[in-house]
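Following: one structure in structure tokens, then a few remarks.
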Amino acid sequence: MRGLSSIWSVGLWLVLACLAGLRGAFAAPPTEPVIVVPGIVGSQLCEGSATGPKLWGGGLLYLGRMAQLALPLSEGAATKTVVPCGLLDEFAVVGPFDVDVYSGLVDFLVKTGHVNGRTLFVFDYDWRQSNFETAKRLKARVAQIKAQTGAPKVRIVAHSMGGIVTRIYLKNEGGAAEVSNVVFHGTPHLGAAQVMRTADRGWGTLPNWFAGGEDVIRDTLFSWPAAYELIPLKTCCAVSTGPQRSTFLDMTRVSDWAKLKWLPARYRTPTGLAFIERMIRNSLAARAIMEQPLPPGPVYDLVASRMHVTSERTIFTPDFTGVARVVNVQGDEAVAFQSASNGMPMSAAVVQRSHPTIFDDQFAQYTMARSFDLDAPALFRRFGGAGARLLTFDPQSDPAEVCPTLSTEQLDPSREGGVQAVLTGEDQSKVCIWRFGMTISAHDPAAPSDGMRVDAKSALAGSEIEVKIDLGGYAADFMKPLRPTVRVIDDKGAVVAEHNPDFVSLSSPEMGFLCTYRFKFKLPETPGIYRLDTSHGGPADRSASAYLVVLKPPA
46 MRGLSSIWSV GLWLVLACLA GLRGAFAAPP TEPVIVVPGI VGSQLCEGSA TGPKLWGGGL
106 LYLGRMAQLA LPLSEGAATK TVVPCGLLDE FAVVGPFDVD VYSGLVDFLV KTGHVNGRTL
166 FVFDYDWRQS NFETAKRLKA RVAQIKAQTG APKVRIVAHS MGGIVTRIYL KNEGGAAEVS
226 NVVFHGTPHL GAAQVMRTAD RGWGTLPNWF AGGEDVIRDT LFSWPAAYEL IPLKTCCAVS
286 TGPQRSTFLD MTRVSDWAKL KWLPARYRTP TGLAFIERMI RNSLAARAIM EQPLPPGPVY
346 DLVASRMHVT SERTIFTPDF TGVARVVNVQ GDEAVAFQSA SNGMPMSAAV VQRSHPTIFD
406 DQFAQYTMAR SFDLDAPALF RRFGGAGARL LTFDPQSDPA EVCPTLSTEQ LDPSREGGVQ
466 AVLTGEDQSK VCIWRFGMTI SAHDPAAPSD GMRVDAKSAL AGSEIEVKID LGGYAADFMK
526 PLRPTVRVID DKGAVVAEHN PDFVSLSSPE MGFLCTYRFK FKLPETPGIY RLDTSHGGPA
586 DRSASAYLVV LKPPA
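Sequential numbering from 46 applies to the sequence shown in the numbering used here.
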């Protein structure tokens with residue numbers, strides 16, 4: 046803990062030993078093609094042709110060509126010919142405009158039996174252009190792949206803005222009839238307000254220097270139609286009206302854009318404002334699609350992270366010349382958890398990794414393997430960190446030997462992680478309990494105020510586990526009368542158990558109020574990954590999730 050400015054959100058991983066049904070090798074190679082749809086700035090761009098001079102690639106030097114990527118603001122103006130020329134897989138910086146590193150994703154798909162050019166394809170594209178244009182190109186690419194492979198349908202792995210492209214394709218271009226499965230990784234279904242923060246601060250001192258400074262980044266970024274289709278225009282921005290006070294700006298109105306002296310001058314001219322007006326129309330059209338239910342037909346999976354500080358709102362100074370402060374929430378550093386989970390936090394696979402490589406997370410890989418019906422024992426050989434072996438548990442083993450170490454590569458020094466206990470039941474059923482935390486602001490009204498902490502000394506008796514949970518809140522008055530709902534959910538989304546824990550006690554640690562509850566539930570009888578979701582009221586609806594990986598079921 047670090048004083049009054051943070052609280053601990055503590056989650057639970059219950060992980061057991063013998064994963065029934067996992068074989069030592071893949072039973073058969075997959076036959077349905079998978080198409081990887083990367084996010085913004087995730088494709089290399091070349092001038093003239095795919096073999097022409099590279100304008101955007103995988104190193105800092107390409108940032109020096111940032112200004113060359115700017116598009117004209119005048120409608121119908123001539124532009125240089127720029128074509129996508131491969132997937133970016135070498136270099137990454139922070140922001141929704143991440144230079145996304147896809148080599149790990151491609152390697153995983155190859156290891157699960159996919160073959161490049163036969164059952165594995167990459168859809169690279171000019172990520173500056175409107176996602177509506179890109180969706181039409183995706184339609185053509187899918188048709189080409191189906192003709193080449195003879196497959197009746199394809200599967201899509203979409204990352205970041207690639208998920209927006211995919212959803213437009215599914216809805217507007219008839220894609221729902223051509224696709225069997227979609228796995229969305231860090232997709233900003235509800236928008237990505239981090240765009241405005243990137244426009245203000247860039248990517249860091251060295252990348253900004255190579256790019257020519259924040260002004261060049263801002264001027265170039267706002268010339269891309271795709272950027273506007275990422276921004277949640279109704280909620281992304283506000284103007285400061287005093288300490289910790291602000292008033293929303295409505296960025297669907299050109300007049301509010303015109304107020305921003307922070308914008309490069311050319312955007313505040315009649316030509317620039319006319320361009321912004323066209324971009325607003327595109328953005329609202331994209332938002333209308335993203336707010337609709339996912340089209341029926343394909344099977345959908347959402348992968349999201351809530352382990353990193355992520356911008357939700359940019360608050361401008363009263364004179365609109367700069368940014369006064371930023372409101373942060375939980376997310377993957379680029380996309381808020383609420384957005385990546387499409388407003389359905391209980392339906393998302395919650396992972397630890399940040400935005401650029403969210404698909405490299407072990408649980409993200411499990412989600413893809415399950416969605417695509419892959420045999421994937423290799424997924425569990427490094428669960429929780431490099432070097433961990435395939436889990437085979439001896440009830441007498443030491444916890445350090447039994448349980449692989451929780452990976453902390455994405456955690457900062459203010460967080461903790463590690464095995465707390467190994468519980469063995471009378472019938473030799475077994476779980477490992479992890480305890481890990483994350484700091485968030487206790488004084489930011491927009492930040493999540495609650496978390497779930499699970500008592501690591503929970504008692505396991507036979508096939509029944511007793512769990513204590515601490516739910517944090519702003520005030521006891523909000524928390525004490527409430528009875529949270531705890532659901533155990535299988536990997537198909539079915540609720541296999543539901544409980545209303547009993548209130549035990551109220552405490553007031555330095556970080557705020559904690560209500561302790563206790564409940565018992567039976568271990569699932571089938572090995573697999575389950576979600577333990579806890580939802581409760583308070584100043585606003587809150588929820589916390591943990592995962593149960595059943596290692597050894599009750600005898």
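Backbone N, C-alpha and C define an ideal beta-carbon position, used for all residues, glycine too.
Status (buried if at least 16 other CB within 10 Å, exposed otherwise) for residue i
{"i": "residue 384", "result": "buried"}
{"i": "residue 223", "result": "buried"}
{"i": "residue 378", "result": "buried"}
{"i": "residue 315", "result": "exposed"}
{"i": "residue 43", "result": "Beyond the ends of the chain as shown, which are 46 and 600, falls residue 43; an answer cannot be given."}
{"i": "residue 287", "result": "exposed"}
{"i": "residue 172", "result": "buried"}
{"i": "residue 163", "result": "exposed"}
{"i": "residue 302", "result": "buried"}
Residue i - partner residues in DSSP beta bridges
{"i": "residue 101", "result": "90"}
{"i": "residue 347", "result": "229 and 393"}
{"i": "residue 200", "result": "79 and 226"}
{"i": "residue 292", "result": "284"}
{"i": "residue 601", "result": "Residue 601 is absent from the model: the chain starts at 46 and stops at 600."}
{"i": "residue 542", "result": "533"}
{"i": "residue 354", "result": "375"}
{"i": "residue 359", "result": "282 and 371"}
{"i": "residue 132", "result": "88"}
{"i": "residue 161", "result": "165"}
{"i": "residue 381", "result": "376"}
Residue i versus residue j: straight-line alpha-carbon distance, rounded
{"i": "residue 312", "j": "residue 534", "result": "49 angstroms"}
{"i": "residue 269", "j": "residue 541", "result": "46 angstroms"}
{"i": "residue 207", "j": "residue 165", "result": "16 angstroms"}
{"i": "residue 397", "j": "residue 351", "result": "7 angstroms"}
{"i": "residue 410", "j": "residue 404", "result": "7 angstroms"}
{"i": "residue 543", "j": "residue 86", "result": "43 angstroms"}
{"i": "residue 185", "j": "residue 169", "result": "13 angstroms"}
{"i": "residue 418", "j": "residue 318", "result": "49 angstroms"}
{"i": "residue 486", "j": "residue 193", "result": "Its pLDDT being 25, under 50, residue 486 is placed unreliably by the model, and the measurement read from it follows with that caveat. Each residue's Cα considered, the two are about 52 angstroms apart."}
{"i": "residue 296", "j": "residue 153", "result": "40 angstroms"}
{"i": "residue 201", "j": "residue 291", "result": "41 angstroms"}
{"i": "residue 376", "j": "residue 118", "result": "33 angstroms"}
{"i": "residue 448", "j": "residue 386", "result": "Reliability fails at residue 448, whose pLDDT of 42 lies under 50, so the model's placement of it is uncertain and the value that follows must be treated cautiously. Looking at the two C-alpha atoms, the distance is approximately 29 angstroms."}
{"i": "residue 413", "j": "residue 289", "result": "42 angstroms"}
{"i": "residue 221", "j": "residue 212", "result": "9 angstroms"}
{"i": "residue 601", "j": "residue 309", "result": "This structure cannot speak to residue 601, because the chain is shown only from 46 to 600."}
{"i": "residue 320", "j": "residue 216", "result": "26 angstroms"}
{"i": "residue 124", "j": "residue 189", "result": "27 angstroms"}
{"i": "residue 88", "j": "residue 102", "result": "8 angstroms"}
{"i": "residue 326", "j": "residue 342", "result": "29 angstroms"}
{"i": "residue 237", "j": "residue 546", "result": "36 angstroms"}
Cut-off 6 angstroms between Cβ atoms - residues of its own chain near residue i, not counting five sequence neighbours on either side
{"i": "residue 344", "result": "226"}
{"i": "residue 209", "result": "176"}
{"i": "residue 408", "result": "394 and 396"}
{"i": "residue 230", "result": "204, 348, 403 and 404"}
{"i": "residue 354", "result": "373"}
{"i": "residue 115", "result": "265 and 268"}
{"i": "residue 126", "result": "93"}
{"i": "residue 97", "result": "91"}
{"i": "residue 382", "result": "349, 351, 375 and 376"}
{"i": "residue 245", "result": "368"}
Chain-order list of residues whose beta-carbon lies under 7 angstroms from that of residue i (same chain, five-residue window excluded)
{"i": "residue 240", "result": "141, 272, 275 and 276"}
{"i": "residue 242", "result": "356, 359 and 371"}
{"i": "residue 159", "result": "75, 79 and 165"}
{"i": "residue 328", "result": "273, 274, 276 and 278"}
{"i": "residue 369", "result": "285, 360, 361 and 362"}
{"i": "residue 95", "result": "128 and 130"}
{"i": "residue 322", "result": "299"}
{"i": "residue 214", "result": "180, 183, 184 and 220"}
{"i": "residue 324", "result": "270 and 273"}
Own chain, CB closer than 8 angstroms to residue i, minus 5 neighbours either side, in chain order
{"i": "residue 388", "result": "234 and 235"}
{"i": "residue 406", "result": "348, 350, 396, 397 and 398"}
{"i": "residue 365", "result": "284, 304, 305, 306 and 307"}
{"i": "residue 334", "result": "212, 213, 216 and 217"}
Near the ligand COA: residue i beta-carbon under 8 angstroms from a heavy atom
{"i": "residue 201", "result": "Looking for the ligand COA in the displayed structure turns up nothing, as the structure carries no ligands at all."}
Rounded Cβ spacing between residue i and residue j (contact assumed at less than 8 angstroms)
{"i": "residue 401", "j": "residue 146", "result": "6 angstroms"}
{"i": "residue 90", "j": "residue 252", "result": "No, residue 90 and residue 252 are not in contact; Cβ-Cβ is about 17 angstroms, not under 8 angstroms."}
{"i": "residue 77", "j": "residue 199", "result": "7 angstroms"}
{"i": "residue 132", "j": "residue 113", "result": "With a Cβ gap of about 21 angstroms, residue 132 and residue 113 do not count as contacting."}
{"i": "residue 167", "j": "residue 81", "result": "5 angstroms"}
Proximity test, Cβ basis, 9 angstroms: residue i and chain C
{"i": "residue 285", "result": "Among the chains in the structure shown there is no chain C, since it carries only a single protein chain."}
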